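Residue numbers (the working numbering), protein chains in the order written: chain A, 1154 to 1264; chain B, 19 to 129.
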């Protein structure tokens, strides 16, 4: 079945880089999204990558995709306290409404 | 502001009550979603409507009843709920199979 795995917790110092990892099982995933959820809020789309790409950079965010290993990562450069939140990876197949979410990684940024 | 508005933000109800959650999107999208977010569990897709027709229904108990009167509005009617139904209910919208935009959620507590 479809499954998405993320580590539950990551703690970094302010100014350092953060790397959040995700593995998924469905090799037919075409779009891979990263969402951010701050306390008491909904999910905010951060960025996404198509399965025919291996890297995408968007300001402080870099997404790396290893399609062979079904591994996705999100790197946040110069992490700030405002980046403290839960980050979700969510793959989706082409022509499907269904996003499969992992349990999320809670990022804590220490001053 | 994500363009997706959910009301109420917080709801407390007894097991015999009937209540409804409302979602409205101002993005011109044609698909709308209900997700359930429980503590320590991945987000669960409940229902998807595309062009006001239900296209996904993921084994949700009948005590949850969705309604999509037009492409901008989505309701989740609740009746005879159980304490384990307490969760954050998230509404989202998309343009067909595009990225999802989420509301802030309705926090439901069932006593």
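Positions of the beta carbon are idealized from the N, C-alpha and C atoms, including for glycine. Keep in mind that this is a model prediction, so the values were computed, not measured.
Review point. Counting Cβ pairs, one atom from each stretch, are 3 or more of them under 8 Å apart for the segment 1197-1209 of chain A and the segment 114-128 of chain B?
Key: Segments in contact, yes.
Point to revise | Whole runs of the beta strand (DSSP E) within the segment 1178-1205 of chain A, excluding any shorter than 3 residues | key: Within the segment 1178-1205 of chain A, the complete beta strand (DSSP E) runs of at least 3 residues are 1182-1190 and 1196-1203.
Practice item. Would you list, in chain order, the members of the segment 38-55 of chain B that have their beta-carbon closer than 7 Å to a beta-carbon of chain A? Key: For the segment 38-55 of chain B, the beta-carbon criterion of a distance under 7 Å to any beta-carbon of chain A is satisfied by 49.
Check your understanding: Is it true that the segment 1253-1263 of chain A meets the segment 77-95 of chain B, where meeting means three or more beta-carbon pairs spaced less than 8 Å apart?
Key -> Counting C-beta pairs with one atom in each stretch, the segment 1253-1263 of chain A and the segment 77-95 of chain B have fewer than three that are closer than 8 Å, which means they do not touch.
Exercise for review: Using a Cβ cut-off of 8 Å, pull out every chain B residue sitting near residue 1194 (chain A), in sequence order please.
Suggested key: Chain B residues near residue 1194 (chain A): 122 and 123.
Review point. So what's residue 26 (chain B) in DSSP terms, helix, strand or just coil?
Key: It is coil, neither helix nor strand.
Practice item. Give every residue of the same chain whose Cβ lies closer than 6 Å to the Cβ of residue 1189 (chain A), excluding the five residues on either side of it in the sequence, and list them in chain order. Key: The beta carbon of residue 1189 (chain A) lies closer than 6 Å to those of 1197, 1199, 1238 and 1240 in the same chain, with the five residues before and after it left out.
Review point. With DSSP run on the structure shown, which of helix, strand or coil describes residue 1158 (chain A)?
Key: Strand.
Review point. Are there three or more Cβ pairs, one per stretch, closer than 8 Å when the segment 50-70 of chain B is compared with the segment 101-114 of chain B?
Key: The segment 50-70 of chain B makes contact with the segment 101-114 of chain B; the number of CB pairs closer than 8 Å reaches 3 or more.
Check your understanding: Between A:1222, A:1176, A:1167 and A:1233, which lies nearest to residue 1187 (chain A) when the distance is taken from Cα to Cα?
Key -> For residue 1187 (chain A), the nearest C-alpha among the options comes from A:1176.
Point to revise | CB contact below 8 Å: residue 1189 (chain A) versus chain B | key: Judged by the 8 Å Cβ criterion, residue 1189 (chain A) is not in contact with chain B.
Exercise for review: With DSSP collapsed to three states, give me the class of residue 130 (chain B).
Suggested key: The question about residue 130 (chain B) has no answer, for chain B in this structure spans 19 to 129.
Practice item. Tell me, please, whether the CB atom of residue 1162 (chain A) is closer than 8 Å to any CB atom in chain B? Key: Look at residue 1162 (chain A): its C-beta is not under 8 Å from any C-beta on chain B.
Review point. What residues of chain B sit near residue 1250 (chain A), judged by a beta carbon separation below 8 Å?
Key: In chain order, 49, 51, 66, 68, 73, 74, 112 and 115 make up the part of chain B whose C-beta sits under 8 Å from the C-beta of residue 1250 (chain A).
Check your understanding: With a CB to CB cut of under 8 Å and the five nearest residues on each side skipped, what residues in its chain are close to residue 101 (chain B)?
Key -> Contacts found: 33, 128 and 129.
Exercise for review: For chain A, find out if any of its Cβ atoms is closer than 8 Å to the Cβ of residue 63 (chain B); answer yes or no.
Suggested key: Contacts with chain A at 8 Å (Cβ-Cβ) include residue 63 (chain B).
Check your understanding: Is residue 1211 (chain A) helix, strand or coil when you go by DSSP?
Key -> Strand at residue 1211 (chain A).
**Study point:** Span separating the alpha-carbon of residue 96 (chain B) from that of residue 1171 (chain A)
**Key:** Distance between the alpha carbons of residue 96 (chain B) and residue 1171 (chain A): 41 Å.
Check your understanding: Are any of the Cβ atoms in chain B nearer than 8 Å to that of residue 1186 (chain A)?
Key -> Contact of residue 1186 (chain A) with chain B is assigned, a C-beta pair being separated by under 8 Å.
Review point. Which whole-angstrom value is the C-beta distance of residue 1229 (chain A) and residue 1243 (chain A), which I expect to be below 8 Å?
Key: Wrong, their Cβ atoms sit about 17 Å apart, outside the cutoff.
**Study point:** Rounded separation between residue 28 (chain B) and residue 1221 (chain A) - CA only
**Key:** Their backbone Cα atoms lie some 43 Å apart in a straight line.
Review point. Residue 31 (chain B) bridges to which residues according to DSSP?
Key: Within the DSSP secondary-structure output, residue 31 (chain B) pairs in a beta bridge with B:128.
Check your understanding: Do residue 1184 (chain A) and residue 73 (chain B) have their C-beta atoms within less than 8 Å of each other?
Key -> Cβ distance not < 8 Å, so residue 1184 (chain A) and residue 73 (chain B) don't count as in contact.
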